[in-house]
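Note that numbering that gives the first Met the number 0 gives residue 274 to position 275 of the sequence shown, counting from 1, and the numbers run on in steps of one.
A virtual CB, placed ideally from N, CA and C, is assigned to each residue, including glycine.
Fair warning: this is a prediction, and the values are worked out from it, not measured in the lab.
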Amino acid sequence: MDVKEDKRSLSFQIYSFRVALNKFENLVEQIAAQKRDERAGLLIRKEDVIDYDKFYASVQELFDIEMKSQDVKCFYRKLCKNPDAPIDWCEIFGYFSAEADSLAYQMDKENLVFLVSKKQRIATSGSRKRDVIKCIVKIPQLDLLITASQKGLIRVHNSQMKVQISTDVTDTSWITGCDYLSQLKRIVATTERTIIVWDYKSQGSSQENYFVIKPMDHCLLCVCVVPLPDQLCREDILLGDDGGFVSRFTVNSDDFGLKQAKIKRKLQNQVLDSKNFKSVKRKLHNDWVMKVRYIPSLNCFGSCSLDSVHSLVFESLKRLEDNLPVREFAMPKGANTFCYCVKANVIVTGGEDKVLRLWHPYISTKPVGKLVGHMFSITEIVTNEKDQHVISLSSAKVFRVWDIQTLSLLQVFHDTQGGPGDMQIYSMVYDTKHGMLITGSIFIDMYPLTRMIQDTKQVPHTHEQEINVMLYNKYFHQVLTICSESIIKVWELETGVQIYQIIDPHGFNVELTSAAIDENGVLFATGACTGTVKIWDFSSGQEMKVLLEGKDWKEEEHWLKHLIFLHTQDKHQYFILALEYNGTIKMIQTEDDSFLVVIWELPDAMPYLQDENHIVQLKTSTKDGNMAIPFPDVKSIIHRNSSQPTNNVATTLGVNCIDLLQIEGYNLIAAGTLSGMIILWNFVASTVKEVYRPEDCSTVNLDLDPKRFRINDILFLFRTSKCARRSSQESICSSSHCESSKGPQSSKGSKQSIHDSEVKGERTDIMGEQQAPSKKGPVLASLTEAQPPILVTAHEDGHLRLWTLEGRLLKDMLPFTKHSAISLTALYTDSCSRVLLAGNVEGHVILCSISSFLDPPHEEKKFKQVLSWRAHSSEIVQVIYVEDKQVVLTASVDGSVRLWHAFNGHYCGYFGQQRVFDLSQTRDFILPCDVTELPVEIKEESKFTEKKQKYEYPLIFDQQKWGKMSSATLLPKRAPPKAFEVQQDFKFFKSLSSPKVHRNSLEGFMTENRDAGIVFGSLPIYRVPNPTTLRFLPLIGVEAQRESLESALAKKKGSHVQHEKMSRRKSLKRNLVPQINLTSSFFPALSNQRGSQ
């Protein structure tokens, strides 16, 4: 009976569950139908709408079990996002059938580590056919790539993979490996029986300028250079051979310099005896040594072999000179290759058993992890230190990319090109600088990282249409973006992953034009071109309240341009300040549980401010005195004159932008107009006043741009008392820290140290200036008190202007960019007003330091532009600075939202890309494909203007010193010097001296003479004492003529006196000077007097 009852109860449960499933499917279909009707623009009654709360209650009632709200919320969000998508009922319980899809997404082509489709192939055609690349070495410090082929072709490639120089080793043995000698600046390669040292930078025919060291006792299989910076002109080379020996071979610069000096260009390749070099070796393996490497971070070398007992040896170099035990790692069938990951501190080995093993360097008994997946023997392993990836290669040309931290497989790809004879890849290296995996076979193949291709070649794409709004929720660390297609997307800042999206939130084909987030980050409001406003729950994206469209509203009459949440004491009441496109400012408040209502509108103050009334009183209403309204209802404007306000051109130019300051007793609204006026509404004093008005804003000039005075954005700069106290404490702490701690902490390369050096560099300089007066009590108290707010405006003419509330201009700056006078479009500052960001029409971001400028007396020199970079190729809509992450968000009309490092302008990525963000400061410097300009760092002017040039004069040859020394002809003849023998004849160098600079020169001045022409009128004229009479002013050329006549007479008489010969030489030079009287030119007054006499 019990069995029958159990069967009946089970069948009843199954029947009940099927009934519940049918009802659940009907509920899902009903919600999907409502969402389709909403997209079609059909009106649905409020009581029929199934929101999330109703859906959750219905599901709980149907299944009568406790379910996670997060699972139900994800299901409901997925249903609202795409009503036509296939949905499984098990997803409501958290059992998503998308694991296979997530794996497929993970292995998607655009989400791979390496983008195989962008592989580049370089042919290695040399003089010898069927040659293969046996070894590849990357030199990071020189950005060069060395390749050595099996038949002796060694090449040096530059960063563009162009061959700079090459040599062809004429040896009967095959090349087995190569490396770079950093101290000797040469390339070492090993063949089966010899060592090749090639001086690739030597003068002349360097293609055959190499040295051959032989003979060797065993067949050399691998080579590695030991990088020891403390050894000058000396290199240690590690060699592995087929006898299981590891040798340490030492070479010096003298070993090759002496030989090179004795030979001529005809015999460049010299054979050196290996017995003349210092070497030590030890047998560490019982089989071939397949790979030998030196690990500088551990001061150890490693060698692997096919020996199953002594598969891997990891020890210091001293163990090669003695017979002490070494640290050995054993693995089945030995190891073909190995590598060391510095960050993870593990050794990765691979061999014939097709298993990757991870070892701790000092624990040889058991591996710490295994990676299984290869179907053939593993031949090469390299690491990507930055991304913590291990790339392994099998003999079947199958690549596998592993995450070394999670031991998970990230990517598998196969090199399918090539025939059966081209199957093997002999060498592989990872280029960290360029993000490239390079392999060598009969070709050189380069596989780029996917992120390098996405960041440099793929156009950033966040929305299909241009961005209208971008907001940042600092509590959830999420970014909200809205495009002109009326699609809301919410993104995670740290990863860039999209959380959810809302399509057509205000109805079909209704464009969203503005949005705002409340002070707690729980809600966000959206405004549309129809004037409707909706409040949403930020975490779930559910609609909460709505301001419906009025019946008498015309199309686009109440276009909402800007929304701001107001601070309220009642958490259940929401107040929103809205700016319409026509310049109307109004306040919206919640009426009941679901609707919003407009409670007041600000009257137009511009007509009243036209008649030289800089301050106008406001009349407020007291009908809602019991209601806690942040701003009182402005009933009207009190105007003393009985005349009506004049209607001119300026009255038609309304408000273009607004900002709100509602903190520490301030209740202000600042408005920037299309005519360039700045209007300030003060609800504490119940006044509205004109802060600034351009002089020519009311006149109409058809020749000038009517938008030249427009203010595109306005912002309050206010530092609260809390921020002021924190700044003063940081200044004292930073000054004391700089004096006391300068040693060990300065060497830490942490993220905070980078932040301190880059972010606080300007701040420490400014605080250092304030440190001296801060010792006094009143000055320190003034710094900790909150200063009056400052207004900053972004103008159409490209200027950035800062004002006091009284209308005094504090700073007028034209930001430095590639092109001058570019219209500014967006402004942003941090919570303590230390950094000011601006964006312009051409896509530039301007970063300014205003930390010390806000402190009185607001010196202009303390307002500094720090950085400028090109973020987009088109207009920037919004720019946001995230303080805790030190990044900048930029949104543009090109449809992309991009992420940048704040204090160096480095590109991080864009929202919508497949890979996650990497916000570390150690990223490679890359630029998006549509930006080619590099960031420009603005230096301080004093560093250039105050620096005085110091002229250094070179040594010159002194003829007098040379004459005083003994003549070179009197010196005894010497035998020709030998090679590298220094001659001790320093006579020439002793004859060098510093040039004589005549400090007492004639006093000169520049003048201009129009009669003399453009050339001679600008020649310098030197002052000489004026002669008393013209008799003392000789005629130029008279003396030369007289001397020439005397020399001619002496020649006729046959005189051969020595002094006559000298005068004859002088006369020949002086005859070239014409006989010109320049008296009238220099002394016109004297010449006129002489002519009158």
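Only residues of its own chain outside the window of five on either side were considered, and among them Q410, T449 have a CB closer than 6 Å to the CB of L111, listed in chain order. In the DSSP assignment, D52 falls within the unbroken alpha helix (DSSP H) covering 51–62.
By the neighbour-count definition (other C-beta atoms within 10 Å, threshold 16), H571 is an exposed residue.
In this structure, L667 is the residue among F682, L667, P602 with its C-alpha nearest to the C-alpha of F715. Residue environment for M374: exposed (fewer than 16 other C-beta atoms within 10 angstroms of its C-beta).
Taking C-beta atoms under 8 Å as the contact rule, R718 and C831 qualify, at a distance of about 6 Å. Nearest C-alpha to S310 among K53, K860, T336, N298: T336. Look at the stretch 391–449 and you find these whole runs of beta strand (DSSP E), each 3 residues long or longer: 397–402, 407–413, 426–430, 435–439, 442–447. By the 16-neighbour rule on beta-carbons within 10 angstroms, L836 is buried. In the pairwise beta carbon analysis, the stretch 889–905 is classified as not touching the stretch 421–436: fewer than three pairs are separated by under 8 Å. At least 8 Å separates the beta-carbon of L238 from that of V225. Note on geometry: alpha-carbon atoms of T531 and L547 lie some 5 Å from one another.
A straight line joining the alpha-carbon of Q477 with that of F910 spans about 11 Å. The beta carbon of Q958 lies closer than 6 Å to none in the same chain, with the five residues before and after it left out. In the DSSP annotation of this structure, the continuous segment of the beta strand (DSSP E) that includes G368 starts and ends at 368–371.
Taking F328 as reference, the option from T348, S426, D167 with the minimal CA-CA separation is T348. The straight-line gap separating the alpha-carbon atoms of L853 and I587 is approximately 33 Å. For W197, the uninterrupted beta strand (DSSP E) segment begins and ends at 194–197. If you draw a straight line from the Cα of N711 to the Cα of E579, it comes to about 15 Å. Close CB contacts of D883 within its chain, under the 7 Å cut and outside five residues either way in sequence, are absent. Nearest in C-alpha terms to H156, of all of I121, I424, T803, R914, is I121.
Contact between T816 and S867 holds, since their C-beta atoms are separated by about 5 Å, short of 8 Å.
A straight-line Cα-Cα distance of about 19 Å links V400 and A334. Around the beta-carbon of F987, fewer than 16 other beta-carbon atoms lie within 10 Å, marking it exposed.
Excluding five sequence positions before and after D592, none of the CB atoms of its chain fall closer than 7 Å to its own CB. When DSSP states are grouped into helix, strand and coil, R692 belongs to the coil group. Counting of Cβ neighbours within 10 angstroms places A577 among the buried residues, the total reaching 16 or more.
For W358, the enclosing beta strand (DSSP E) begins and ends at 354–358.
Setting aside the 5 residues that flank it on each side, N681 is surrounded in the same chain by N666, L667, V687, K688, each with a C-beta closer than 8 Å to its C-beta; the list follows chain order. With a contact defined as Cβ atoms closer than 8 Å, I677 and A669 qualify at about 7 Å. Put simply, the backbone Cα of P360 is about 9 Å away from that of R326. For V308, the number of other beta carbons within 10 angstroms of its own is below 16, and it is reported as exposed. Secondary structure note for K963: it is in no beta strand (DSSP E), and the uninterrupted alpha helix (DSSP H) holding it is 958–963. In terms of Cβ geometry, T123 and I135 do not form a close pair [threshold 8 Å]. In the displayed model, A515 falls within a strand according to three-state DSSP. If you draw a 10 Å sphere on the C-beta of F54, you find 16 or more other C-beta atoms in it, and that means buried.
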